[in-house]
Amino acid sequence: MAPARASTSWPAACSPLLEREVAGEPRRARVLAAFPTALYLHLGRHDLVLPVLTGDALLLPTGLRLALASAEVEWGVQAGHDVLVGDGRVRLPGRDVVSVRPWRPARVTRASSAPFASIAGAAHILGQADSSAVLRELAADLTAAGLDGRRVGRRVGALVGAGAGLTPSGDDALCGVLLALRAVGGRVPSGDDAAGAVAASVRRASAATTSLSASLLSAASEGYAVPEVVRLVDEVARGDTSAVTEALAPVLGIGHSSGADLVAGLAGALDALIPVLAQDAGPHHTEPEGARRA
Amino acid sequence: MPDHVELRRGAYYDSVSLMQVSRKVASAPGVEAAQVAMATDLNTDVIRGMGFAIPDEVSPNDLIVAIRGDGDAVAAGTAALDAALAELKAAGSHAGGFGEAPARRTLGGAISASEANLALVSVPGQHATVEALDAIHRGVSVMLFSDNVTVEDEVRLKDAAAAADVLVMGPDCGTAVVSGAALGFANAVQAGEVGIVAASGTGAQQVMCLLDAAGIGVSHCLGVGGRDLSTAVAGRSTRQALAALAADEATTSVVVVSKPPAEEVLADLQAYAAGLRVPVHWATLGAGRPDLTAALEEALRADGHDVPQWPSWTVDQAPAASGSLRGLFCGGTLADEAMLIAAGDLGGIRSNIPLSPELALGPDLRDDGHVVIDFGDDGLTQGRAHPMIDPSLRLERIAAEAKDDTCGVLLLDLVLGYGAHQDPADELAEAILEARTTAAGSGRELPVVVSLTGTERDPQGLQRCATALQQAGASVFLSNAQATRHALSLLPAQEN
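Chains as they are written, first to last, in my numbering: chain A, 93 to 386; chain B, 206 to 701.
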């Protein structure tokens, strides 16, 4: 199919995470990379990346989404080029991507109420996935330190930017930790503090990794991720083992290793969270309500 | 030793992919050390730790390539890097889901992405129509390998194809050669000027191999499905294929090959073909019509070619003292042709694909009289591969015939080419030798004749296969018609 060159503007849906940047004063943005399904625009601050996504792209939570599929789109720019972003549009040579409506990125639900035994069962399924044991241990160590109120900066530093790729493996695992803490951290006394400490450390260290990965870590700190990942984390928090099994495969299919690395981080964080959840539950919490009435 | 450090911008890959790339670069000739990674702080620390100098302008958004070795090694490493990255891109793992389009999940999507102009559909029959329609709606021709497509759907597909000016080859089309590319079961033949339209798989292979033996090449062989010349389908694809070949500059003559067609359909097609710019010859089997070899010889003469002596590899065989003809075939059209020829001498021949219903064999496929079995028939391939791939069922029957006093002469076919068993002749030769030994053990000669369809360019090699069969004591003929007549000549006098 011929690229859609006839129209001078492409309508798009904007993520609220970058709505201010897209709607604000026009500013110069550097093209970090131009792929068939995504144009990555660097908006100046290291962790501020606007992905302009085609309809068949991986749905990054910060994306400006087109309805058009990649086969119908030709960006007309390459890595290193500058474009203008602002006034609700991205100006590309010969056409504008115009933000015409917002879309709601997937976000992990807070404060699961599922019995800890169910969550443990779901976590066990994650542990069976083919993912890195080292990343899982590092993620468990980081989470345990956060829950104990110990310093986490050095542990986060060992993970940020660790790995060769666009979203280094360590960052993917960190996303798993941040999302797990958001989903079930609220169930334990120090969970929110741990989440805050890890997020703050990640923010401070984000210059050490790629801009795109830093932007995804920032989104994960707020509970945002691609829908496949959000679904998996939510199902783990609900303790629905069959739904976890179903949700796991699409996540493992993200990238060559990104999805598996994120699952390693998620599993590691749960390794640290579950014993604390078990303590917190205690015998009286596991007793059915009806039994107390009787 | 000089170091090569290079920054590449906008080149994004995922971690595992880049680890694999690093390994390939490091193993290039002469390379002492190499690292390819996004230039995150940790990665630049690692690369610095290896003794490389990192440029000041590096940013985590750069892909950093570090190679240690002399000039040749750096060149080899860089070449390995480019090849590995190109391989990743071709494999669709570029940016690991963060940039490349996802794999196409429908046939239509794959056609759009690839700009293909032919789709090969080989899915279970009940799903084949939808897939084929998807391709037709994208404006491409379809080779429909699937069987179990209803006649109604076949007509629907072929009408849609005609409207879109494309061709449906099939359903149940196992053989095609398009611009030299063999699809399904096909032989390696020289390129040339004769186009073939085939409502018959092994019939098409027989014709293309005879042409090859005559030194004449094939432009395209377009299968149309075994039912195309039936009353219900009315030659819809044959008409499209004839039009396509008539419009093809490389084609100067066309041969239509078919199992017995419906008379009115054949007449309509012949009237249509008379108006085309190329001569069309008809190798359509049927009672009173020429066999495939005779029809092709007629076509060759009409096109001004000499008719060669068709290759054969014979042995001295005494005629059978008693017994009947037993034809054990893998090719349905070859079996049909053998029955049509033999019926003239022998009368009715019992078969699982009989020429008339009253000659049908029972479920045990046994009869003391003349029998021809098509082991490629749908009824015998359920749950097992076609005998051109898995010959075991026919080999068992050969052994059984060897012990059966009512078996006078064995007539077998063997079809070579792409898609067929990679080494079928040795196995068949062994079975023939054993059968003849078994028969001799009970005091009778068992003459064996083989119809061998193939070319020297086929992966199995025509000459090698023919020699193996001849050494096992069989007379071998490239022409199926000649093989059949030779088998008839070996039957006891009272049977002739």
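Note that CB positions come from ideal geometry on N, CA and C, so glycine has one too.
According to DSSP, what are the bridge partners of residue i?
i                 : result
Ala-238 (chain B) : B:Arg-273
Arg-183 (chain A) : A:Leu-176, A:Asp-188
Gly-509 (chain B) : Note: Gly-509 (chain B) sits in no beta bridge, so no partner.
Gly-532 (chain B) : B:Val-577, B:Leu-616
Val-402 (chain B) : B:Leu-427, B:Val-461
Val-226 (chain A) : Answer is none; Val-226 (chain A) lacks a bridge partner.
Arg-193 (chain A) : A:Ala-105
Ser-682 (chain B) : Contrary to the premise, residue 682 (chain B) reads as Phe rather than Ser in this sequence. DSSP lists B:Ser-517, B:Ser-656 as partners of Phe-682 (chain B).
Thr-245 (chain B) : In DSSP, Thr-245 (chain B) forms no bridge with anything.
Thr-159 (chain B) : This structure gives no information on residue 159 (chain B), because the portion of chain B shown stretches from 206 to 701.
Ala-565 (chain B) : B:Ser-556
Asp-267 (chain B) : B:Arg-214
Arg-199 (chain A) : A:Tyr-316
Tyr-623 (chain B) : B:Ala-391
Just verifying my parser: in three-state terms, what is the DSSP assignment at residue i?
i                 : result
Leu-387 (chain A) : Coverage of chain A is limited to positions 93 through 386, which leaves residue 387 (chain A) absent and any answer about it impossible.
Val-328 (chain B) : coil
Arg-555 (chain B) : strand
Arg-120 (chain A) : strand
Val-251 (chain B) : helix
Glu-314 (chain A) : coil
Glu-211 (chain B) : strand
Val-470 (chain B) : helix
Glu-379 (chain A) : In this prediction, Glu-379 (chain A) scores a pLDDT of 37, lower than 50, which makes its location untrustworthy; no coordinate-derived value is stated.
Pro-524 (chain B) : coil
Ser-656 (chain B) : strand
Val-279 (chain B) : helix
Pro-592 (chain B) : coil
Gly-389 (chain B) : strand
Leu-344 (chain A) : helix
Thr-380 (chain B) : strand
Gly-127 (chain A) : As written in the sequence, residue 127 (chain A) is Phe, which differs from the Gly given in the question. Note: Phe-127 (chain A) maps to coil in three-state DSSP.
Tyr-217 (chain B) : coil
Pro-367 (chain A) : helix
Gly-155 (chain A) : coil
Gly-397 (chain B) : strand
Leu-150 (chain A) : coil
Leu-133 (chain A) : strand
Leu-323 (chain B) : strand
Arg-441 (chain B) : helix
Between which two residues does the alpha helix (DSSP H) carrying residue i extend?
i                 : result
Phe-350 (chain B) : Looking at the DSSP string, Phe-350 (chain B) is not in any alpha helix (DSSP H), and its letter there is neither H nor E.
Leu-372 (chain B) : Careful: Leu-372 (chain B) lies outside any alpha helix (DSSP H) and carries neither H nor E.
Arg-602 (chain B) : 597–607
Arg-228 (chain B) : 220–231
Arg-246 (chain A) : 245–251
Pro-629 (chain B) : 629–646
Asp-284 (chain A) : 283–297
Leu-695 (chain B) : Leu-695 (chain B) -> no alpha helix (DSSP H), and no H or E assigned at all.
Asp-263 (chain A) : 261–276
Val-114 (chain A) : 111–115
Just curious, the beta strand (DSSP E) that residue i is in, first and last residue?
i                 : result
Cys-426 (chain B) : 423–428
Gly-613 (chain B) : 612–620
Leu-145 (chain A) : 141–145
Using beta-carbon positions only, say whether residue i and residue j come within less than 8 Å of one another.
i                 : j                 : result
Val-620 (chain B) : Gln-395 (chain B) : no
Asp-233 (chain A) : Arg-243 (chain A) : no
Gly-375 (chain B) : Arg-343 (chain B) : no
Leu-271 (chain A) : Val-368 (chain A) : no
Ala-488 (chain B) : Ala-500 (chain B) : yes
Leu-266 (chain A) : Val-294 (chain A) : yes
Ala-126 (chain A) : Val-169 (chain A) : yes
Gly-268 (chain A) : Ala-221 (chain A) : no
Val-279 (chain B) : Ile-272 (chain B) : yes
Val-226 (chain B) : Leu-290 (chain B) : yes
| task | Mind checking the stretch 252–265 of chain B against chain A and listing, in chain order, the residues whose C-beta falls within less than 7 Å of any C-beta there? | result | Taking 7 Å as the Cβ-Cβ cut-off against chain A, the residues of the stretch 252–265 of chain B that qualify are Pro-265.
| said: Beta carbons nearer than 7 Å to chain B: which residues of the stretch 336–368 of chain A have them? | reply: Of all residues in the stretch 336–368 of chain A, Ile-346, Gly-347, His-348, Ser-349, Ser-350 have a Cβ within less than 7 Å of some Cβ in chain B.
| Residues, ordered as in the chain, of the stretch 209–227 of chain B that lie near chain A by beta-carbon distance below 8 Å | Answer set for the stretch 209–227 of chain B: Arg-214, Gly-215, Ala-216, Tyr-217, Tyr-218, Asp-219, Ser-220, Val-221, Ser-222, Leu-223, Met-224, Ser-227.
| message | Against chain B, which members of the stretch 174–187 of chain A pass a CB distance test of less than 9 Å? | response | Listed by position, the residues of the stretch 174–187 of chain A near chain B (Cβ gap below 9 Å) amount to none.
| request: Taking a Cβ distance cut-off of 9 Å, strictly less, list which residues of the stretch 233–248 of chain B are near chain A, in chain order. | output: Those would be Gln-240, Val-241, Ala-242, Met-243, Ala-244, Thr-245, Asp-246, Leu-247, Asn-248, in chain order.
| said: If the cut-off is 7 Å on Cβ atoms, which residues from the stretch 260–290 of chain A count as contacting chain B, listed in chain order? | reply: Answer in chain order: Pro-260, Ser-261.
| For the stretch 200–232 of chain A, which residues have a beta carbon sitting closer than 7 Å to at least one beta carbon of chain B? | Cβ contacts with chain B: none found.
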